[in-house]
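Visitor: If you count the sequence shown from 1, position 2 lands on 2 in UniProt numbering, and the numbers rise without skipping. For every residue, glycine included, the Cβ atom is placed at its ideal position computed from N, Cα and C. The following block contains the structure, expressed as structure tokens.
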Amino acid sequence: VAAPGGAVAEVVCVVRTACEGRRASLVTLPGGARVTPFHPVLLDGRWRFPIDIASAADCACDAVCSLLLSGAPGAVLVGPRGADESADGVAAIGLAHGVEDGAARHPYFGGPAVAKDLRAAQGFQAGFVELQAGDIIRDPETGLVCRWALS
């Protein structure tokens with residue numbers, strides 16, 4: 001996949017997380033791609049939360065997907081409007097990215113633990129892991145995702 005700065009990344013695994021009630025709070029980014037409000041994106045050279053770029057809306061959504069990448073920290077997003085100028089340079093962060101800047105910093109999603117957990121998950125060898133909304137475990141003190149209940 002295309003990555004920031006003209007790089008290319010390999011998709012190691014797609015993680016599909018089902019949305020509770022088939023609905024999700026989503027932010028529509030420049031170019032039309034939709035992401036969750038706190039999935040970091042690279043826009044204008046800074047890792048930012050989508051909710052700080054545009055308002056979120058409750059949308060019909062069966063699932064959201066995250067990518068475990070090799071070769072780059074994120075993947076360039078292309079929304080329904082295609083690769084027009086407004087979509088250029090907007091990238092979503094991948095899992096186990098190692099980026100410590102701005103909104104990208106995350107103790108679980110940014111570090112090696114998430115990749116280790118995924119490698120043990122059913123479907124990883126085929127490059128596709130499916131999760132349910134209830135598989136997300138949050139730290140009781142911070143509210144941040146601290147692991148997935150993977151089978």
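Indicate the three-state DSSP secondary structure (helix, strand or coil) for F38 in the structure shown.
Guide: Residue state, collapsed to three classes: coil.
Visitor: Would V27 and V35 qualify as a contact pair, given that the criterion is a beta-carbon distance under 8 angstroms?
Guide: Result yes, Cβ atoms of V27 and V35 sit closer than 8 angstroms.
Visitor: Skipping 5 residues on each side, what residues in its chain have a beta carbon closer than 6 angstroms to that of D135?
Guide: Hits under 6 angstroms: W148, A149.
Visitor: So R113 is in the alpha helix (DSSP H); what residue range does that whole segment cover?
Guide: It is worth fixing the name first, because residue 113 is Ala in this sequence and not Arg. Start and end: 112–119.
Visitor: Would you call S66 buried or exposed, if buried means 16 or more other Cβ atoms sit within 10 Å of its Cβ?
Guide: Answer is buried; the Cβ neighbour count reaches 16.
Visitor: What does the Cβ neighbour count give for V8, buried or exposed, with the cut at 16 atoms within 10 Å?
Guide: With fewer than 16 Cβ atoms within 10 Å of its Cβ, V8 is classed as exposed.
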